[in-house]
């Protein structure tokens, strides 16, 4: 699961440069989704 996170980090950082608000929302949703999957 951590490998998936590290794989998506560049994608998230690239999106961060495009738009902060949208990226912040998407990353929050993504991390909440990951935490639910781990449980």
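Numbering (the numbering used here), first residue to last: 6 to 44. Where is the CB? At the ideal position from N, CA and C, for every residue including glycine. In this text, all values refer to a predicted model and were calculated from it rather than measured experimentally.
Measure the Cβ-Cβ separation of residue 17 and residue 37 and say whether it is below 7 Å.
The residue given as residue 17 occupies position 12 in the chain shown. The residue given as residue 37 occupies position 32 in the chain shown. No. Outside cutoff.
Close Cβ partners of residue 8 (< 8 Å) along its chain, the five nearest in sequence each way excluded:
For the purposes of this step, residue 8 is taken as residue 3 along the chain shown, with counting starting at 1. Counting only Cβ-Cβ distances below 8 Å, and skipping sequence neighbours, we find nothing.
If we ignore side chains and look at the alpha-carbon of each, how far apart do residue 11 and residue 40 end up?
In the chain shown, residue 11 corresponds to position 6, counting from 1. In the chain shown, residue 40 corresponds to position 35, counting from 1. Cα to Cα, the separation comes out at about 15 Å.
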